[in-house]
Amino acid sequence: MSETTARKRAHRPPALLIALGLIGLSVFVIPLVGLLARVPWGNLPELASSPVVIDALRLSVVTSLTATAISAVLGVPLAWVLARTNFPGRSILRALITLPLVLPPVVGGAALLFALGRRGLIGEPLHAATGLVLPFSTWGVVIATTFVAMPFLVITVEGALRNLDPRFEGAASTLGADRWTVMRRITLPLIAPSLLAGLVLTWARAFGEFGATITFAGNLQGRTQTLPLAVFVALESNRDVAVAISLIMVAVSLAVLIALRDRWWRAL
Amino acid sequence: MTHQPSDQGLDASFTIRRSSEFTLDLSIAIPRGRTVALLGPNGAGKSTAVAALAGLIPVNGGQIVLDGRALDDSEKGRFVPPEERRVGVVFQDYVLFPHLTVAENVAFGPRSRGMGREPALARAALWMKKLALDDLAGRKPGQLSGGQAQRVALARALAIEPDLLLLDEPLSALDVATRARLRRVLADHLTQFPGPRLLITHDPSEAFLLADVIHVIEEGRVTQVGSADDIRLRPRTPYSADLAGSNLLSGMARDGMVQIGASRLQIADHGLEGPVLVTIHPRTISLHRGRPEGSARNTWETSVTLVELLGDRARLQVEDPLALTVEVTREAVRDLELTNGAPVWVSIKATEIGVESDYPATDPIS
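Just so you know, the protein sequences line up as chains X and D, in that order. Under my numbering, think of the first position of the first sequence as 1, with each following residue one higher. Under my numbering, think of the first position of the second sequence as 269, with each following residue one higher.
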């Protein structure tokens with residue numbers, strides 16, 4: 001074997017890795033191809049503009065964005081506390097926050113029902129005091145998706161805060177910045193790429209949420225039936241509608257991921 | 269701004285327990301207009317001192333007083349947070365904010381202290397002009413050279429018009445050639461700052477050239493305080509001696525003699541008794557091919573263990589019975605045929621041997 005052949009071989013990945021990698025790739029590609037093959041391209045505009053689809057799309061956009069906003073407002077402070085303070089039981093608290101990532105969403109929905117349902121631990125006094133009923137309402141959808149999606153934000157932002165050189169914040173405070181100014185002008189801008197990545201992950205998870213939503217909020221068109229729920233129902237009644245909604249979800253998700261890909265890779 | 273500090277400068281005496289094994293114990297006073305250097309090896313506690321003076325960590329004992337105002341007092345439970353102190357810090361590696369431009373970095377302090385955006389930028393422009401940074405106003409820190417970044421860090425610290433200036437290894441991020449040039453520039457800027465200045469460094473030449481008084485710090489405590497000449501000519505610890513290139517030995521003095529290990533040296537001072545520190549400058553030791561004639565009483569035969577040429581001079585080591593560094597001319601090396609293992613006679617005049625009592629370090633300022 002000549003030296004150049006050996007040199008070339010050294011730069012090429014092993015054939016086995018390539019083969020396994022390709023099989024791995026097909027796991028992602030084949031379902032997409034299957035979906036695209038079933039798309040009724042001819043009457044797609046008609047299917048996509050049916051009231052069921054429009055209602056579900058509107059609801060999905062509103063609830064996923066609301067859940068993302070709530071996650072940002074509550075999740076960033078939570079991440080800060082986890083990253084910057086030291087108290088007994090912190091690792092247990094972190095495990096608790098990560099739980100929704102591994103818990104079957106249906107179980108999460110059931111837990112929400114027991115806590116916030118009309119007969120629930122908090123739901124009952126809440127209903128008695130304010131008349132508010134969270135399950136089977138649009139707010140129920142928001143709460144269920146926030147429960148499932150917020151951990152993505154907390155984990156990403158906490159990691160970024162941990163990796164941030166604390167001397168930047170120290171330098172800012174010696175220059176006269178109080179804690180709020182340090183947070184606003186130094187900390188948040190410096191973790192912005194990770195914050196954005198966390199927001200995208202959170203939104204994507206909220207947009208696709210199914211199990212916790214259907215368990216806690218039910219499946220009412222125009223009120224709690226989001227796109228994933230609409231797909232589930234349509235699979236039983238009208239397969240073409242199911243395919244059309246699926247295509248919308250793939251398109252929206254892919255568009256967001258591609259639009260943010262540069263920041264995404266940098267932060268993760 | 270009509271801030272009128274009193275003329276007292278910095279007066280700090282504090283301890284900080286960083287771990288069960290490491291405690292920083294520092295006592296330092298700096299009048300206005302003077303520069304004190306904290307000189308020590310890595311891990312000596314220098315950066316901890318900066319953090320305490322800046323208010324980034326509280327002291328465990330003692331107090332920090334600046335211009336008569338207690339910034340930190342462990343007994344009275346008083347602690348002024350960093351943003352309410354007026355301490356300008358040039359951090360090690362500068363710690364410029366990477367997402368802000370040079371102008372925004374310099375304006376950050378005035379802005380955080382209540383100035384509007386425009387006046388703060390105007391103030392920043394003033395300092396950038398003083399430090400010849402005008403052309404770099406729109407750049408991000410990532411686009412600056414080491415020397416430029418250092419000036420930005422200095423401008424940022426000075427723009428808050430501090431009562432105390434701290435410089436933590438201000439030259440160590442630079443390459444050797446730039447360092448020598450910027451040391452002079454830095455010296456000029458330091459003399460223009462009216463308040464007390466504290467320079468943290470591990471580089472003796474930086475301390476010798478920039479500071480009026482040097483505190484040598486080792487393992488959390490000050491081992492020597494003095495002028496550059498004090499440290500250079502009368503180093504008190506092996507570390508100081510290494511810095512100055514001197515021979516530092518410890519021994520017992522009695523009747524005009526010092527016992528160092530198995531060796532005895534004659535000294536000029538007949539009154540000294542007890543433990544002493546002995547310094548012998550490498551240039552005051554002479555070498556001979558044969559037994560020397562003359563007045564030198566301290567003379568013995570040994571062999572050369574190392575020869576190191578430094579320009580027109582050479583540093584040699586002899587080891588037995590006394591390990592010493594000797595500095596001679598290059599001609600002497602040639603004439604005496606001084607090579608590794610060469611036999612040689614060493615002689616030292618009693619009057620060239622520095623001897624002082626080994627009492628604990630004291631602070632000449634306070």
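Every residue gets a Cβ at the ideal spot worked out from N, C-alpha and C, and that includes glycine. Remember, it's a predicted structure, so these values are computed and weren't measured experimentally.
Under DSSP, Leu-516 of chain D shares a beta bridge with D:Thr-547. In terms of Cβ geometry, Pro-550 of chain D and Trp-613 of chain D do not form a close pair [threshold 7 Å].
In the DSSP assignment, Thr-303 of chain D is bridged to D:Arg-465. Not a single CB atom of chain X sits nearer than 7 Å to the CB of Phe-290 of chain D. Within chain X, the C-beta atoms nearer than 7 Å to that of Ala-322 of chain D come from Thr-174, in chain order. Pairing Ser-571 of chain D with Leu-606 of chain D, the inter-Cα distance amounts to about 9 Å.
Where Phe-376 of chain D is concerned, the enclosing alpha helix (DSSP H) starts and stops at 370 to 380.
About 7 Å separates the CB atoms of Leu-432 of chain D and Leu-321 of chain D; that is less than 8 Å, so the two are in contact. Residues Ala-322, Gly-323, Leu-324 of the same chain have their beta carbon placed closer than 7 Å to that of Pro-350 of chain D, with the five preceding and five following residues left out of the count.
Taken in chain order, the complete beta strand (DSSP E) segments of 3 or more residues contained in the region 144 to 223 of chain X number zero; there are none.
Going by beta carbons, Gly-345 of chain D and Thr-283 of chain D fall outside the 7 Å limit. Taking the beta carbon of Pro-350 of chain D as reference, the chain X residues within 7 Å of it are Ser-173, Thr-174, listed in sequence order.
Taking a C-beta cut-off of 7 Å against chain X, the contacting residues of the region 379 to 390 of chain D are Ser-380, Arg-381, listed in chain order. The beta-carbon distance between Ile-298 of chain D and Leu-466 of chain D, rounded to whole angstroms, is 6 Å. This is short enough to meet the 8 Å contact definition. Within chain X, the residues placing a beta-carbon under 7 Å from that of Gly-377 of chain D are Leu-175, Gly-176, ordered along the chain. Taking the CA atoms as reference points, Ala-417 of chain D sits about 18 Å from Gly-170 of chain X.
Closer than 7 Å to the CB of Gly-170 of chain X there is at least one CB belonging to chain D. Straight-line spacing of the CA atoms in Leu-17 of chain X and Gly-75 of chain X works out to 39 Å. Within its own chain, the residues whose Cβ lies closer than 7 Å to the Cβ of Glu-487 of chain D, once the five positions on either side in sequence are excluded, are Ala-312, listed in chain order.
In this structure, Ala-371 of chain D keeps its C-beta atom at 7 Å or more from the C-beta atom of Arg-379 of chain D.
Residue-level contact check: Arg-162 of chain X does not touch chain D, since none of the beta carbons of chain D fall below 7 Å from its beta carbon. Contact between Thr-202 of chain X and Phe-152 of chain X holds, with the beta-carbon distance rounding to 5 Å and staying under 8 Å. When Cβ-Cβ separations below 7 Å define contact, Thr-187 of chain X makes no contact with chain D. In summary, Arg-565 of chain D is exposed, with fewer than 16 beta-carbon neighbours lying within 10 Å of its beta-carbon over all protein chains present. Contact between Val-484 of chain D and Leu-307 of chain D holds, since their C-beta atoms are separated by about 5 Å, short of 8 Å. Chain-order list of chain D residues neighbouring Leu-190 of chain X: Phe-365, Pro-366, His-367, by C-beta distance under 9 Å. When DSSP states are grouped into helix, strand and coil, Arg-581 of chain D belongs to the strand group. Assignment of beta-bridge partners to Leu-434 of chain D by DSSP yields D:Val-357, D:Leu-466.
Proximity of chain D to Arg-167 of chain X at the Cβ level (cut-off 8 Å) is accounted for by Phe-359, Val-363, in chain order. Contact between the region 206 to 217 of chain X and the region 91 to 99 of chain X is not established, with fewer than three Cβ pairs separated by less than 8 Å. Taking a C-beta distance under 7 Å as the contact criterion, Gly-377 of chain D and Ala-423 of chain D do not qualify as a contact pair.
Setting aside the 5 residues that flank it on each side, Ala-375 of chain D is surrounded in the same chain by Ala-388, Leu-389, Ala-392, each with a C-beta closer than 6 Å to its C-beta; the list follows chain order. Taking one beta carbon from each stretch, the region 233 to 241 of chain X and the region 47 to 64 of chain X have 3 or more pairs nearer than 8 Å; the two touch. Under the 10 Å beta carbon count, Trp-395 of chain D is surrounded by 16 or more other beta carbons and is classified as buried. Secondary structure note for Met-525 of chain D: its beta strand (DSSP E) is the uninterrupted segment 525 to 528. In chain order, Asp-293 place their CB closer than 6 Å to the CB of Arg-489 of chain D, counting only its own chain and leaving out the 5 sequence neighbours on each side.
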